[in-house]
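Using UniProt numbering, read the sequence shown as starting at 1 and increasing by one per residue. In this text, a Cβ means the ideal position worked out from N, Cα and C, and glycines have one as well. Notes for the one structure printed next.
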Amino acid sequence: MGVKEDSNMADRKDQEMGMDKQFLASPIKSAVDKYQLLPEFLKVRGLVKQHLDSFNYFVRTGIKKIVRANDLVTSKIDPSIYLRYKDVWIGEPAMMVDVVTEKLTPHRCRLSDITYAAPIYVNIEYITGSHGLKTPPQFKNKVVIGRMPVMLRSCCCVLYGKDEDELARLGECPLDPGGYFIIKGTEKVILIQEQLSKNRIIIDTDKKGCIQASVTSSTEATKSKTVIKMEKEKIYLYLNQFATKIPIMVVMKAMGMESDQEVVQMVGRDPRYGALLLPSIEVNCMVKSQRFLRNIFAPIILGDFDED
């Protein structure tokens, strides 16, 4: 009897678990049920998690990439004399009071009308010299180059990881989610803006209904937008550095392609592609060589290129 009862109980548990899985996987139908899930969602994620994640990424990774992309400062007179940033990081929120460094808390900043900020530290390597004489490389660590406001509850904040009792001792409400700054004693919030994805080709139409493919190329050092657009059956390229549109065949030949047939084969072997590129080839009939391309690219940058 005991074995049968155990097997029956195990079967019932399996059925209940199967029903629970089906229940959890089924879509939520009514708005009332969705509203009941809201408190649990806020406990897990909160309303400002995206703010905190963005700021933490910038502090831990983004600022280091920016400095790494612009790490070298050279002398205009002698390029061998330089200053190089080796590392960068954000310190703890603090301020100087009578030549003494005192830690800052958000509560104190609100009461004293000061900014809740932290110093930006760098390690540097540099070479100095005069009259043709240069010193060997020298190093300085933990040099302050500025201050940055700190987001409350971020990884740089004194409230980070504190429990309710510790927050109460610091004069903070445990229910305050953070995600904002304190500037001269006033709480400030950065509004979220929706932007197109970077380094990804997006195909759409412009205001006139012309089909275009665009990509915003972004690195820590530079940012530019490139657009390939079809206008009156001809394909042109728009680039930030150029003052006017460029026929796509000019661009393809400047990249090393010698003939129109080679360009068409690079696009595709289907005969439809050849017919699609034919108007652009006719516009480009004046381009004979790469040397000719180099001669016309300077006027393009200045905005004097005549497509006719």
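Output the residue ranges of the alpha helix (DSSP H) runs that lie fully inside the region 210 to 251 and measure 4 residues or longer, sorted by chain position.
none
Does any heavy atom of the ligand GTP sit closer than 7 Å to the C-beta of K198?
Looking for the ligand GTP in the displayed structure turns up nothing, as the structure carries no ligands at all.
I'd like to know if the region 99 to 115 and the region 161 to 174 are in contact, where contact means that at least 3 CB-CB pairs between them fall below 8 Å.
yes
In angstroms, rounded to a whole number, what distance separates the CA positions of S259 and L239?
Locating residue 259 in the sequence shown gives position 259, where the first residue counts as 1. Locating residue 239 in the sequence shown gives position 239, where the first residue counts as 1. Distance between the alpha carbons of S259 and L239: 23 Å.
May I ask which residues mark the beginning and end of the beta strand (DSSP E) holding D270?
Here residue 270 refers to the residue found at position 270 of the sequence shown. Per DSSP, D270 lies in no beta strand (DSSP E) segment and is marked neither H nor E.
As assigned by DSSP and simplified to three states, the class of Y35
By one-based count along the sequence shown, residue 35 stands at place 35. Helix, per DSSP.
By alpha-carbon positions, which one of V44, E92, T128, G129 ends up nearest to A117?
Counted from its first residue, the sequence shown places residue 117 at position 117. When only C-alpha atoms are compared, the closest one is E92.
Near K184, which residues of its chain fall below 6 Å by C-beta distance, leaving aside the five closest residues on each side in sequence?
The residue labelled residue 184 in the question sits at position 184 within the sequence shown. Only D113, T115 meet the Cβ criterion.
M249: buried (16+ other C-beta within 10 angstroms of its C-beta) or exposed?
Position 249 of the sequence shown, counted from the start, is the residue given in the question as residue 249. Flag for M249 reads buried.
Once DSSP output is grouped into helix, strand and coil, what is the label at E282?
Position 282 of the sequence shown, counted from the first residue, corresponds to residue 282. Here E282 sits in helix by DSSP.
Helix, strand or coil: which one does DSSP assign to D304?
Within the sequence shown, the letter at position 304 stands for residue 304. Only weak support is given to the placement of D304: the predicted model assigns it a pLDDT of 45, under 50, and the question is left unresolved by the model.
Name the DSSP beta bridge partners of Y121, please?
Along the sequence shown, one-based indexing puts residue 121 at 121. BP columns for Y121 point to W89, V144.
Is I192 helix, strand or coil by DSSP?
By one-based count along the sequence shown, residue 192 stands at place 192. Of the three classes helix, strand and coil, the one that applies to I192 here is coil, per DSSP.
From R84 to K208, what distance separates their C-alpha atoms?
Within the sequence shown, the letter at position 84 stands for residue 84. Within the sequence shown, the letter at position 208 stands for residue 208. Distance between the alpha carbons of R84 and K208 is about 49 Å.
Does the beta-carbon distance from K225 to Y236 come in below 8 Å?
The residue you call residue 225 lines up with position 225 of the sequence shown. The residue you call residue 236 lines up with position 236 of the sequence shown. For K225 and Y236, no; Cβs fall outside 8 Å.
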